[in-house]
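Whatever position you read off the sequence shown (first residue = 1), add 136 for the numbering used here. Using N, Cα and C, we set each Cβ at its ideal position, and we do this for glycine too. Computed from a predicted structure; not experimentally measured.
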Amino acid sequence: MREKRQTPFFKKKLEPIEVRTPKKISELLAEMAKTGFQGRKLGEVVEVWEEMLKDDVVIFFGFAGSMSTTGQWKIVNWLIEHRFIDVIVSTGANISEDILEAMGGTYWQGHHMVDDNQLLQYKIDRFYDVFADELEYRQMESLIANFMKKVNPNRKYSSAEFLHLFGKELSQMGIKSIVATAYENKVPVFCPAIVDSGYGIAYLLNRKSDSNFDITIDQMRDFEQLVDIKAKAAPESGVIYIGGGVPKDFIQLTTVGRSLTESRKYERVYPHKYAIQITTDAPHWGGLSGCTFEEAISWGKEAKEGRNVQCYCDATIALPIVVHALAEKVDKRTKVPDLSWLFKGLQ
Numbered sequence: 137m138r139e140k141r142q143t144p145f146f147k148k149k150l151e152p153i154e155v156r157t158p159k160k161i162s163e164l165l166a167e168m169a170k171t172g173f174q175g176r177k178l179g180e181v182v183e184v185w186e187e188m189l190k191d192d193v194v195i196f197f198g199f200a201g202s203m204s205t206t207g208q209w210k211i212v213n214w215l216i217e218h219r220f221i222d223v224i225v226s227t228g229a230n231i232s233e234d235i236l237e238a239m240g241g242t243y244w245q246g247h248h249m250v251d252d253n254q255l256l257q258y259k260i261d262r263f264y265d266v267f268a269d270e271l272e273y274r275q276m277e278s279l280i281a282n283f284m285k286k287v288n289p290n291r292k293y294s295s296a297e298f299l300h301l302f303g304k305e306l307s308q309m310g311i312k313s314i315v316a317t318a319y320e321n322k323v324p325v326f327c328p329a330i331v332d333s334g335y336g337i338a339y340l341l342n343r344k345s346d347s348n349f350d351i352t353i354d355q356m357r358d359f360e361q362l363v364d365i366k367a368k369a370a371p372e373s374g375v376i377y378i379g380g381g382v383p384k385d386f387i388q389l390t391t392v393g394r395s396l397t398e399s400r401k402y403e404r405v406y407p408h409k410y411a412i413q414i415t416t417d418a419p420h421w422g423g424l425s426g427c428t429f430e431e432a433i434s435w436g437k438e439a440k441e442g443r444n445v446q447c448y449c450d451a452t453i454a455l456p457i458v459v460h461a462l463a464e465k466v467d468k469r470t471k472v473p474d475l476s477w478l479f480k481g482l483q
């Protein structure tokens, strides 16, 4: 082979993967980071997340979709317990449907090619190829409804405050769900579209049985608290998005909120220093879920010089692999932001 040409584009050599045993998941991911396409990106996700864990940052975790029904919620619990994440912004589905299993219910492996009308007759709910017992689902909603009755109706709560109290209740009951684990580790969980889930059904059940029942979850307060965390918790911030949707945009807007409230006429921006997204959505549809971090730079949400990586992959494939790799590589995170001030005086 003739001598290699020198060009501005030939900077990093691709290295083929060698099959050998034994090989750790973290070792395989490190090798994948030296290849191409989405395998490379999956390896880079581990690299960027590991860098975050070594830096003085607050790590926001956007958790979209209905991932808990697929067996992912205990992975999130592990991330909370080891403080590989500091703040969660989730869909209502992810932090209610995990409770079903945590309280003793079961999700079943099913099939996406099935007679759904027959499932309806058997009172079975389908999540693509996962089945749930509708009666167990109602038990979960009843549990939430019963807790709501105990909440002070004369106080406005952010979703993080409400879920902190709910997490305390579940923890005391031995129901080790995401919000219970978050309560035990002082990790705030925000749910800016909380009504779009079993929590909304629970509220409605209480209202229909008692017209005097009331509870106020202030979503504007959610945003204020999230911006405060971005401003106060650490010198820099990092974001990890599993999917997109409301959790992603809510976290992204913290940079804009801080810039508009702390500097005149948007003179200074406070972008996230690190950013990871695992998604199956594409940017050319124009939606936020597929929006690239390059586009986000124009808003001041991501830094041009930041460590950003987007991996186009089903999160049920990527998340378990990435977290197991991190568990092998990172023994302990040393710079953990204290967010207990958010819940000071909360009852």
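Exercise for the section: Pick helix, strand or coil for E438, following the three-state DSSP scheme. Expected result: strand
Handout entry: Delimiting residues of the alpha helix (DSSP H) encompassing T391
Key = 381-398
Handout entry: Distance CB(I216)-CB(A318) smaller than 8 Å
Key = yes
Exercise for the section: Check the DSSP bridge columns for N444 and list the partner residues they point to. Expected result: A411
Practice task
Could you pull out every unbroken beta strand (DSSP E) segment of at least 3 residues lying fully inside the region 263-322, listed in chain order?
Solution key: 266-269
Practice task
Reducing DSSP to helix, strand and coil, say where F429 ends up.
Solution key: helix
Handout entry: R274 versus Y335: straight-line alpha-carbon distance, rounded
Key = 11 Å
Handout entry: Every unbroken alpha helix (DSSP H) inside the region 315-359 [4 residues or more]
Key = 334-345
Practice task
Starting from the Cα of K190, find the closest Cα among L462, L482, L475, F479 and give me that residue.
Solution key: L462
Practice task
Could you tell me which of G481, E360, Q388, S278 sits nearest to T428, measuring between CA atoms?
Solution key: Q388
Exercise for the section: Quick one: using the 10 Å Cβ neighbour count with 16 as the cut-off for buried, is W244 buried or exposed? Expected result: exposed
Practice task
Look up L417 in the DSSP assignment and say whether it is helix, strand or coil.
Solution key: Here residue 417 turns out to be Asp, not Leu, going by the sequence shown. D417 falls in the coil class under three-state DSSP.
Problem - Distance, K148 Cα to Q142 Cα - result: 12 Å
Problem - Residues near Q208 in its chain [Cβ-Cβ closer than 7 Å; skip 5 each side] - result: T452, L455
Handout entry: Nearest-angstrom Cα separation, counted from L396 out to L256
Key = 49 Å
Practice task
May I have the straight-line CA-CA distance separating R357 from V184, to the nearest angstrom?
Solution key: 31 Å
Handout entry: Residue(s) in a DSSP beta bridge with V375
Key = F196, A411
Exercise for the section: Within its chain, find whatever has a CB closer than 6 Å to the CB of V392; leave out the 5 residues flanking it on each side and keep chain order. Expected result: none
Problem - Start-to-end residues for the alpha helix (DSSP H) that takes in V223 - result: No alpha helix (DSSP H) contains V223, which is instead part of the beta strand (DSSP E) from 223-226.
Handout entry: Beta carbon of A370 nearer than 8 Å to that of K312
Key = no
Practice task
Using three-state DSSP, classify I231 as helix, strand or coil.
Solution key: coil
Exercise for the section: Would you identify the three-state DSSP class for I365, choosing helix, strand or coil? Expected result: helix
Practice task
Compute the Euclidean distance between the alpha carbons of G303 and A169, then round it to the nearest angstrom.
Solution key: 38 Å
Practice task
Taking the CB atoms as reference points, tell me whether S295 and F326 lie closer together than 8 Å.
Solution key: yes
Practice task
Determine which residues share a DSSP beta bridge with D251 and list them.
Solution key: Note: D251 sits in no beta bridge, so no partner.
Problem - Alpha-carbon spacing of S204 relative to K465, whole angstroms - result: 25 Å
Practice task
Please confirm if K440 has its CB atom under 8 Å from at least one CB of chain E.
Solution key: The question asks about chain E, but that chain is absent: this structure has only one protein chain.
Exercise for the section: Report the three-state DSSP secondary structure of Q257 (helix, strand or coil). Expected result: helix
Practice task
Indicate the three-state DSSP secondary structure (helix, strand or coil) for Q174 in the structure shown.
Solution key: helix
Exercise for the section: Assign T352 to buried or exposed, taking buried as 16 or more other Cβ atoms, counted over all protein chains shown, within 10 Å of its Cβ. Expected result: exposed
Problem - Cβ-Cβ distance between E277 and L341 below 8 Å - result: yes
Handout entry: Identity of the residues DSSP links to Y406 by a beta bridge
Key = Y406 is not bridged to any residue.
Practice task
Measure the alpha-carbon distance for A97 versus L150 and round it to whole angstroms.
Solution key: With the chain represented from 137 up to 483, any question about residue 97 goes unanswered, as that position is not in the structure.
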